[in-house]
Amino acid sequence: MLTSAKDWFCERTGFDRVWDALFERHVPEAKGAVAWLFTLGSASMFVFTVQAVTGALLAMNYVPSPDHAYDSVRYIGSSVTFGGFIRGLHHWGASFMVVLTVLHMMRTYFMGAYKYPREGTWLVGVGLLLIVIGFGFTGYLLPWDQKAYWATAVGTNIAKQTPLVGGMASKILKGGAEMGAPTLTRFYALHVLVLPAIVLILMGLHLFLVVWHGISEPPSRDGGKGGSLQ
C-alpha cells in the first residue's frame with residue numbers, strides 16, 4: 129500500500145528525480161580540514177533558516193514606529209517567553225551568517241571553483257553576499273536606540289557619497305532629507321519583505337546551478353582540478 133502511494137506520488141510530482149539530483153549525486157572526496165570547507169554553503173543556508181524563523185517570531189511583537197520600536201524590543205527581551213534567547217539568536221546569527229558567507233566565497237575563490245562552467249554560480253553567490261550585508265544594515269536600525277540611529281546615519285551618509293546616484297539612494301533609504309519615521313518603516317519593509325524575497329530567488333537559482341554543474345573537485349597536488357560532477 130505504501131509502495132503504491134509512493135509510486136503514485138513520485139510519478140505525478142517527480143519527487144524521486146529531485147531527491148536523486150539533490151541527495152544522491154556525487155560529492156567530491158576530501159579529507160581533513162578541506163572536507164569541512166565544503167560544508168560552508170550548507171552552514172550558511174542553515175543559519176539563514178534560523179534567521180528566518182527567529183525573525184518571524186520577533187516580528188510578532190515588534191512595532192516599527194519611532195514611538196514604540198525601542199519599547200517593543202525591550203518588551204521582547206524582558207516579557208516575551210524566550211524573547212531574550214530568540215533575539216540573541218537572531219542578533220548573533222546575523223553576524224555569523226556574514227562570516228560564513230564570506231568564508232564560503234573565499235573557499236570558492238581560492239580553490240578556483242568560480243571558473244568555467246561555474247561563473248554564473250559565482251556571480252549569484254556574490255549577489256547573495258551583498259544581500260546578506262543588506263540584511264545586517266537594515267536590521268541594525270530596528271531597535272531604534274542611539275547606537276542604531278547614528279550608525280545608520282553614518283551608513284546612509286556614506287551611500288550619499290556614491291557618484292551620480294548617491295543623493296537619490298540616500299533619500300530613498302531615509303524616506304526624505306532626514307532620518308525619521310519613514311526611514312524606520314522603509315528599513316523594516318526592506319528587512320522583512322524585499323530582501324527575503326530577493327534572497328529566496330537567488331538562493332533557489334544558486335542551488336539549481338550547484339546541482340546542474342556539480343561541485344568542483346578540491347585542487348590536487350599537481351595543480352589539476354576535477355570537472356563537472358553531473
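Its first residue numbered 129, the sequence shown is counted upward by one per residue in my numbering. Note that beta-carbon positions come from the ideal geometry of N, C-alpha and C, so glycine has one too. Keep in mind that this is a model prediction, so the values were computed, not measured.
8 Å CB neighbourhood of residue i in its chain, flanking five on each side removed
i      : result
ALA180 : PRO324
GLY294 : ALA287, LYS288
THR256 : For the sequence presented, residue 256 should be read as Leu rather than Thr. Within the same chain, LEU256 has close Cβ partners THR229, VAL327, LEU330, MET331, HIS334.
Residue closest to residue i, alpha-carbon to alpha-carbon, out of the options
i      : options                        : result
ALA317 : THR209, HIS341, GLY267         : GLY267
PHE166 : ARG202, THR284, ASP195, ARG235 : ARG235
ALA281 : LEU301, PHE137, LEU328, VAL327 : LEU301
ASP195 : ALA279, GLY304, SER170, PRO271 : PRO271
HIS319 : GLY216, ALA133, PHE238, GLY264 : GLY264
VAL227 : THR209, PHE210, ILE261         : ILE261
VAL339 : ASP148, SER207, PHE174, PHE176 : ASP148
SER207 : TRP278, ASN189, LEU168, HIS218 : ASN189
GLY169 : VAL191, THR290, PHE224, ALA297 : PHE224
THR313 : PHE176, PHE210, LEU269, MET233 : LEU269
TYR277 : MET296, ALA297, GLY240, PHE315 : PHE315
THR177 : LEU337, HIS232, GLY283, GLY221 : GLY221
Nonlocal neighbours in the same chain, by C-beta distance under 7 Å from residue i, ignoring five residues either side
i      : result
ASP273 : TYR198
ILE326 : ILE259
ILE214 : THR182, LEU185, LEU186
HIS218 : GLN179, THR182, GLY183, LEU186
Contact set for residue i: own chain, Cβ-Cβ below 6 Å, skip 5 residues either direction
i      : result
THR131 : none
CYS138 : ASP144
TRP211 : According to the sequence as given, residue 211 is Gly; it is not Trp. Only ILE204, GLY205 meet the Cβ criterion.
Between the region 234–245 and the region 306–313, do at least 3 Cβ pairs fall closer than 8 Å? no
At 4 residues or longer, what runs of the alpha helix (DSSP H) sit wholly inside the region 235–299? 247–268, 274–288
Please list the segments of the alpha helix (DSSP H) lying wholly inside the region 312–349, counting only runs of 4 or more residues, in order along the chain. 323–341
Do the region 325–340 and the region 249–256 make contact, defined as three or more Cβ pairs closer than 8 Å? yes
May I have a chain-ordered list of the alpha helix (DSSP H) segments no shorter than 4 residues that lie completely inside the region 174–247? 197–206, 211–238
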